[in-house]
Amino acid sequence: MRYASYAAGAVLLAMTGCRHTPPSLLDGHAALPDRSHVLVQGETNLPDQAQILISLQDQKDQTVVVQGLPLVKDGRFRSLLTLPDGLSGGAYLIRLSFSPTAFDWSKGLVLKSVGRKGEYLSGERVKRVGNVTILQRDLPLLIPTDKGGAT
134 MRYASYAAGA VLLAMTGCRH TPPSLLDGHA ALPDRSHVLV QGETNLPDQA QILISLQDQK
194 DQTVVVQGLP LVKDGRFRSL LTLPDGLSGG AYLIRLSFSP TAFDWSKGLV LKSVGRKGEY
254 LSGERVKRVG NVTILQRDLP LLIPTDKGGA T
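Here the numbering used here runs 133 ahead of the position in the sequence shown, where the first position is 1.
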């Protein structure tokens with residue numbers, strides 16, 4: 134009987150010491166509301182005030198064209214990116230990313246949820262960069278040659 138209670142205690146200790154987290158969600162979509170802007174909206178299960186980096190990149194050479202830094206609120210984020218004058222039409226990439234090493238607007242609440250180095254992040258969007266775990270999602274975007282059609 135003594136062995137059984139020891140084993141049960143060890144199992145309970147092992148179970149309470151483990152942190153189970155659901156897969157980390159980072160997803161979105163982009164639209165061209167007019168000739169000069171890209172509207173990026175997304176969903177996440179990151180905590181409020183987590184900062185998302187949104188980058189519009191040329192798909193050929195990965196050159197960053199413009200960036201936005203929205204904060205998560207109620208599981209959502211959005212950013213209106215202004216396209217530079219003279220931007221060529223073609224294939225681009227919208228990269229959504231979250232890094233726990235970005236500025237923490239929440240005074241530590243985001244880091245408590247995701248871990249100082251992202252150790253509590255999990256799922257298919259997780260990527261390891263050096264000794265930090267980040268979330269990343271790439272979305273294709275085709276910008277028409279005239280960036281919006283006929284005038």
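All residues carry an ideal CB built from backbone N, CA and C; glycine is no exception.
> Cα-Cα, which of Leu274, Gln182, Ala163 is closest to phenylalanine 236?
Replying inline: Residue 236 sits at position 103 when you count from the first residue of the sequence shown. Looking from the CA of phenylalanine 236, the closest CA among Leu274, Gln182, Ala163 belongs to Gln182.
> Do the CB positions of valine 173 and arginine 209 come within less than 8 Å of each other?
Replying inline: What you label residue 173 is simply residue 40 of the sequence shown in a count that begins at 1. What you label residue 209 is simply residue 76 of the sequence shown in a count that begins at 1. Going by C-beta atoms, valine 173 is not nearer than 8 Å to arginine 209.
> What does DSSP give as the partner residues of serine 212 in its beta bridges?
Replying inline: Sequence index remark: in the sequence shown, residue 212 carries index 79 (1-based). BP columns for serine 212 point to Val173.
>> Output needed for leucine 244: all residues of its chain with C-beta closer than 8 Å, excluding positions within five of it in sequence on either side, in chain order.
In response: In the sequence shown, residue 244 corresponds to position 111, counting from 1. The answer, listed in chain order, is Pro233, Asp237.
> CA-CA distance, leucine 189 and leucine 275?
Replying inline: In the sequence shown, the residue the question calls residue 189 occupies position 56. In the sequence shown, the residue the question calls residue 275 occupies position 142. Counting only the Cα atoms, leucine 275 lies some 11 Å from leucine 189.
>> So alanine 163 and isoleucine 227 are supposed to be a Cβ contact under 8 Å. How far apart are they, rounded?
In response: Reading the sequence shown from its first residue, position 30 is the one you call residue 163. Reading the sequence shown from its first residue, position 94 is the one you call residue 227. Right, their Cβ atoms sit about 5 Å apart.
>> Could you check whether the Cβ of isoleucine 267 sits closer than 8 Å to any Cβ belonging to chain D?
In response: No chain D appears in the structure shown, which is made up of a single protein chain.
>> Just to confirm my understanding: we take valine 197, look at its own chain, exclude 5 residues before and 5 after, and list those with CB closer than 6 Å. What are they?
In response: To locate residue 197, count along the sequence shown from 1; it is residue 64. If we look at valine 197 and ignore the five residues flanking it on each side, its Cβ neighbours are Ser188, Gln190.
> Taking the runs of the beta strand (DSSP E) that are 3 residues or longer, which of them lie wholly in the region 231-280?
Replying inline: 259-262, 265-276
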